[in-house]
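Just so you know, we're using the numbering used here here: the sequence shown kicks off at 1343 and counts up by one.
Have a look at the structure below, then the notes.
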Amino acid sequence: MNARYQQLADHYQTAIVPARVKKTRDKAAAENAVNVVNKRVIGYLEDDVFTTLGELNALIEERVREINHDIRRADDTTRRERFDAEERELLGPLPDVGFEDVEWKELKAARNYHVTADTQRYSVPFGLAGKLLRVRLTSSRVTVFDGHESICEHPRLTGRKGQYSTLPDHVPPQRRDIDGLWSRRWFTDRARSVGPATVTVIEQIPDSQVIEAQGYLSCQNILDGLGKNNREQLEAASQEFVNRSAHPTYSTLKRLMAAIDSDAKKPRPMLPAASTRKRVSTVVFRDTTPDVYVRDASHYARDEEVK
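So, in structure tokens, the structure goes:
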């Protein structure tokens, strides 16, 4: 039995006993239920045409109700009557919420005290930065565990990639540098090795976020991804944004650096040196149409032969 099937059983507090291989009698009730559905639901509706899923589901629900409440078996009871008389009292109450498919991941908390799950970022207490954590993902929630202890829970983010969910109590105290965590000072110190314009750009990125740490990963990507081997181009692109009083992002800096690199590689037109240019003399014939210029005879004379 796979892990997700077991999670379904755990959610509903149900025991699942797999049938033996090639032993269909181990699941006779299930096989009979499939046969009933084939005949009384699929076969009954096979000639109908449905334009919406809701319409189809409504008719399936109607057919299932008829099977359970109206059709009498050999002992003159319905399935619903047998259920109420024999099974209902043996069952526990259903959970308050339905089962959601669960996915588990082991993720390392980055130095901005966030884990990244499916391109979205979720905060953890800043003291757990750098630690490997277990993350449980459902369609609606993201729960982070340190070992078997639940640390925090976030609504699951969807849509645009790179969104942040940051809980206020996970944020370290302001104006305090903590070992192992990224900070504004840590990035600006690195940016100084590139140039003053890059420092200005790096300082702008955290300022553009609601929570400063949400800009740290962009700073890291700019300095490592763009500036590691292209410091001059990064500084030139940053200076361009500073001149425009614009607020850059990783993507816009990358595009501008590519344009700068492309311009630098374009071949420049070559002009002959001044000493090798042949002077062209012209003469104006006054009796001709104005603005018509003709080279004089000396232009067509042969160069003097070398003696």
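Yeah, the Cβ is synthetic: ideal placement off N, Cα and C, and Gly gets one too.
Keep in mind the model is a prediction, meaning the values are calculated, not measured.
Pairwise C-alpha distance: residue j and residue i
i, j, result
"L1559", "N1454", "7 Å"
"V1444", "Q1349", "8 Å"
"E1448", "D1412", "51 Å"
"V1376", "A1345", "25 Å"
"Y1354", "G1440", "9 Å"
"V1379", "G1557", "55 Å"
"R1414", "T1420", "5 Å"
"N1572", "G1537", "12 Å"
"A1357", "M1343", "12 Å"
"D1426", "N1410", "11 Å"
"I1547", "Q1462", "19 Å"
Where the beta strand (DSSP E) containing residue i begins and where it ends
i, result
"R1483", "R1483 to D1488"
"R1463", "Q1462 to S1465"
"T1394", "Counting along the chain, T1394 falls outside any beta strand (DSSP E), and DSSP gives it neither H nor E."
"H1574", "His is not the amino acid found at residue 1574; the sequence shown has Glu there. Not the beta strand (DSSP E): E1574 falls in the alpha helix (DSSP H), residues R1573 to R1586."
"A1357", "From DSSP, A1357 is part of no beta strand (DSSP E); its letter is neither H nor E."
Cβ neighbours of residue i in the same chain (closer than 7 Å, five flanking residues each side left out)
i, result
"A1579", "L1595, L1598, M1599 and I1602"
"R1517", "Low local confidence applies: a pLDDT of 46 at R1517 is under 50, so the model's placement there is unreliable, and no value is given."
Close-in-space but distant-in-sequence residues of the same chain around residue i (CB under 8 Å, 5 per side omitted)
i, result
"F1583", "A1539, V1543, H1589, P1590, T1594, L1595 and L1598"
"E1647", "Reliability fails at E1647, whose pLDDT of 47 lies under 50, so the model's placement of it is uncertain and the value that follows must be treated cautiously. Hits under 8 Å: none found."
"N1460", "Reading off the sequence, residue 1460 comes out as Asp, not Asn. For D1460, where only same-chain residues beyond five positions count, the Cβ hits under 8 Å are L1479."
Opening and closing residue of the alpha helix (DSSP H) in which residue i lies
i, result
"T1530", "R1526 to A1533"
"V1383", "Unbroken run through V1383: none, as it is neither H nor E."
"A1351", "A1345 to H1353"
"L1598", "Y1592 to K1607"
Counterpart residues of residue i in DSSP-defined beta bridges
i, result
"H1496", "V1484"
"K1450", "L1474"
"A1539", "DSSP, once it has assigned bridges, lists no residue as partnering A1539."
"P1456", "The residue you asked about is not Pro; residue 1456 is His in the sequence shown. Paired residues: S1465."
"E1445", "L1479"
Closer than 8 Å is the cut-off here; do at least three beta carbon pairs connect the region 1414–1434 with the region 1488–1507?
no
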